[in-house]
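A quick write-up on the structure given underneath.
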Amino acid sequence: MRREPARGRRSGDDVSRASAAGLQLEVFPPGDDDLGVSTRAQFVARAVVAGGALTAGGVLVAGLPRIAVSAPSPAQDQKILNFALLLEYIESGFYAEAFAKGKLTGNLLEYVTIVRGHERAHVAFLKGALGDKARKEPKLDFGETTSDPEKFTTAAIALEETVIAAYNGQAANLTKGTLNEAAKIVSVEARHAGWIRAIAGRNPAPNATDQPKTGAEVQAEIKRTRFLRAG
Amino acid sequence: MSDLTLGELDRDGAIREAVEQVSGETRTAFLGRAAVGGAALLGALAAPGRSEATAASDVAILNYALTLEYLQAAFYTETERFGAVGGELKRVPPQLGAVERAHVEAIKAALGRAAVKRPAFDFQGVTEDQSKFLRTAVAFEDLGAAAYKAQAPRIKSSALLAAAVSIHSVEARHAAWMRYLAGATPAANAFDQGKPESEVRAIVASTHFIVRHPKSTASKRPKYTG
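What follows is the structure in structure tokens.
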């Protein structure tokens, strides 16, 4: 390890743990055109339903994790890919801005230099796959997370974790051909997560599995970042 | 849709116990919701067998995955036992060993009596030498991620697919970590390619690590595959 984990800073893990008890796999709810901008009570309600399998001590008492899968179809693929495109726009914008601001050095500079290219390639791939159905790039505001190395690291971990959980959560909802392509992206996101966590001195792979998140859960995480500007 | 509980699937607590062994230093931090959450998803591996027959092709894929997990688990477990790895690598064998053992237990639970038996291994000294260990770990983890990736679209059961992709991305994290420690680029490409089973099995055979199935006379080390 480059350095020992900083015990006090676990916000990234809080993000990835938020739905550890839930095992719902479903397509994000209808009316998703304002992803991450206008999420409201319905998502909160769903998040509550998804939890509840664990006690505070981590002992499983009465878990009834539910797996709800929507039958794959080309139309559904398109919605999911547009959802993925939104996430890739955010990642790509985040890394591009962090690189442009020039405040990162050493391992972080190496990381951002390489990873921004990956995310740009993911955006280009998804836009190509969606054609004229591709959503527009959202307005983004990253605040100090692209100039302050500590904040950058925390935000990068949170973003990568959320994106992994998002792709994993949609795997069973995709047609096999689209899944084949998405799988080539998600493991790169997982490599990014392992990489940035290693740089930060945090456990690169703290769990035996990467928990999936529903579309609604991912929306809630994205909303929490405040990177998306309504408008 | 299927409802399931870990309690039903994991009666002897083997999956949870294996998952909870994840890491020495970070045990306290991860013993809680996250670790058990991992167990819950691994428990989902066993869901289809409970209420409906698992497709023969899914059984074959799971047994193939089990063979790779046996290999990884034995590799890290043996390295930890020999104690030849130190410094910043010291926590790797116990931590990755615990994760890979958890994968083994979960897949075995899913397969029940259909599970292939653990092969006999001879790691040719790579578990006793730090640099060989690290190089092999990079190759194994890149290979594991590529193997799961190629199988994912072939899995029929949605529950098994969800569990498999949740393992797939963990293998990719491991690959990035091992590459970082080895001074190699953790994510070399924007897109990771999968590897078909025939290719993966040929690479495994070329290592001679599985002594029961020496299919090749090649003596080269596994290549970096990312």
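For the protein sequence lines, the chains are A and B, in the order given. Reminder that position 227 of the first sequence reads as 226 in numbering that gives the first Met the number 0, one-by-one numbering, no gaps. Reminder that position 116 of the second sequence reads as 115 in numbering that gives the first Met the number 0, one-by-one numbering, no gaps. We put the beta carbon where it would ideally sit given N, CA and C, even for glycine.
What do you get for residue i, buried or exposed, if any count of 16 or more other CB atoms within 10 angstroms of its CB means buried?
i, result
"A:Pro205", "buried"
"B:Ser130", "exposed"
"A:Glu143", "exposed"
"A:Glu149", "exposed"
"A:Lys132", "exposed"
"A:Arg201", "buried"
"A:Arg196", "buried"
"A:Ala61", "Residue placement at A:Ala61 is poorly supported in this model, since its pLDDT is 21, which falls under 50; the coordinates still yield a value, given next. A:Ala61 comes out exposed."
"A:Leu104", "Reading off the sequence, residue 104 of chain A comes out as Thr, not Leu. Exposed."
"A:Lys212", "buried"
"B:Glu68", "buried"
"B:Lys107", "buried"
"A:Ala199", "buried"
"A:Lys78", "buried"
"A:Gly35", "Because the pLDDT at A:Gly35 is just 32, under 50, the model does not fix this residue reliably, and the value given afterwards should be weighed accordingly. When all chains shown are included, A:Gly35 counts as buried."
"B:Gly124", "exposed"
"B:Ser56", "exposed"
"B:Gly85", "exposed"
"A:Ser91", "buried"
"A:Arg225", "exposed"
"A:Ala207", "buried"
"B:Val210", "exposed"
With DSSP as the reference, identify every bridge partner of residue i, one or two as the case may be.
i, result
"B:Ile209", "B:Phe120"
"A:Leu139", "A:Leu227"
Expressed to the nearest angstrom, what Euclidean distance is found between the alpha-carbon atoms of residue i and residue j?
i, j, result
"B:Leu65", "B:Gln192", "21 angstroms"
"B:Arg117", "B:Thr53", "21 angstroms"
"A:Gln75", "A:Ser186", "22 angstroms"
"B:His167", "B:Gly143", "8 angstroms"
"A:Pro71", "A:Thr174", "5 angstroms"
"A:Gly214", "B:Arg80", "43 angstroms"
"A:Arg45", "A:Lys138", "For A:Arg45, the pLDDT reaches just 29, beneath the cut-off of 50, and the residue's location in the model is therefore unreliable, although a value from the coordinates is still provided. When rounded, the distance between both Cα atoms is 27 angstroms."
"B:Val137", "A:Ala229", "43 angstroms"
"A:Gly116", "A:Ile184", "13 angstroms"
"A:Asp140", "B:Pro185", "28 angstroms"
"A:Glu87", "A:Ala181", "12 angstroms"
"B:Arg90", "B:Glu127", "15 angstroms"
"A:Ala95", "B:Glu77", "43 angstroms"
"A:Ala171", "B:His207", "36 angstroms"
"B:Lys194", "B:Ala145", "5 angstroms"
"B:Val203", "B:Phe122", "11 angstroms"
"B:Ala72", "A:Arg190", "20 angstroms"
"A:Pro73", "B:Ser156", "19 angstroms"
"B:Leu133", "B:Ala181", "7 angstroms"
"B:Gly82", "A:Leu80", "46 angstroms"
"A:Glu109", "B:Ser205", "34 angstroms"
"A:Thr177", "A:Gly130", "15 angstroms"
"B:Gln150", "B:Ser165", "13 angstroms"
"B:Thr135", "A:Pro203", "18 angstroms"
"A:Glu220", "A:Ile89", "12 angstroms"
"A:Ala128", "A:Tyr166", "16 angstroms"
"B:Asn62", "A:Gln169", "24 angstroms"
"B:Pro92", "B:Arg200", "23 angstroms"
"A:Ala120", "B:Ala97", "35 angstroms"
"A:Ala97", "A:Ser146", "6 angstroms"
"A:Leu85", "B:Leu88", "37 angstroms"
Starting from residue i and walking both ways along the alpha helix (DSSP H), at which residues does that stretch end?
i, result
"A:Thr112", "105 to 129"
"B:Asn62", "55 to 81"
"A:Gly168", "148 to 169"
"B:Arg253", "Because chain B spans 0 through 225 in this model, residue 253 of chain B falls outside it and cannot be assessed."
"A:Phe93", "73 to 100"
"B:Phe139", "129 to 150"
"B:Ile166", "157 to 181"
"A:Glu180", "175 to 198"
For the ligand PLP, is there a heavy atom less than 8 angstroms away from the beta-carbon of residue i?
i, result
"B:Ala146", "The ligand PLP is absent from the structure shown, which contains no ligand whatsoever."
What are the residues of the stretch 164 to 196 of chain A that lie near chain B, defined by any Cβ-Cβ distance shorter than 7 angstroms?
-> Closer than 7 angstroms at the C-beta level to chain B, one finds these residues of the stretch 164 to 196 of chain A: Asn167, Ala170, Ala171, Lys175, Leu178, Asn179, Ala182, Lys183, Ile184, Val185, Ser186, Val187, Ala189, Arg190, His191, Ala192, Gly193, Trp194.
Closer than 8 angstroms, Cβ to any Cβ of chain B: which residues of the stretch 128 to 159 of chain A, in chain order?
-> Residues: none.
Taking any Cβ of chain B, which residues in the stretch 201 to 215 of chain A have a Cβ under 8 angstroms from it, in chain order?
-> Result list: Asn202, Pro203, Ala204, Pro205, Asn206, Ala207, Thr208, Asp209, Gln210, Pro211.
What residues from the stretch 183 to 202 of chain B come within 8 angstroms of chain A, judged by C-beta to C-beta, listed N to C?
-> Hits within the stretch, in order: Thr184, Pro185, Ala186, Asn188, Ala189, Phe190, Asp191, Gln192, Gly193.
Check each residue of the stretch 109 to 120 of chain A: if its Cβ is closer than 9 angstroms to any Cβ of chain B, include it; give the result in chain order.
-> If the cut-off is 9 angstroms between Cβ atoms, the stretch 109 to 120 of chain A has Glu109, Tyr110, Ile113, Val114, Gly116, His117, Glu118, Arg119, Ala120 near chain B.
Select from the stretch 75 to 103 of chain B all residues with a C-beta closer than 7 angstroms to any C-beta belonging to chain A, and list them in chain order.
-> Residues Glu87, Val98, Ala101, His102.
Using a beta-carbon distance cut-off of less than 8 angstroms, what residues from the stretch 125 to 136 of chain B approach chain A?
-> The residues in question: there are none.
Using a Cβ cut-off of 7 angstroms, which residues of the stretch 132 to 161 of chain B contact any Cβ in chain A, in chain order?
-> Listed by position, the residues of the stretch 132 to 161 of chain B near chain A (Cβ gap below 7 angstroms) are Ala144, Lys148, Ala151, Pro152, Ser157, Ala158, Leu160, Ala161.
In chain order, what residues of the stretch 168 to 180 of chain B put their CB closer than 7 angstroms to some CB of chain A?
-> If the cut-off is 7 angstroms between Cβ atoms, the stretch 168 to 180 of chain B has Ser168, Val169, Ala171, Arg172, His173, Ala174, Ala175, Trp176, Tyr179 near chain A.
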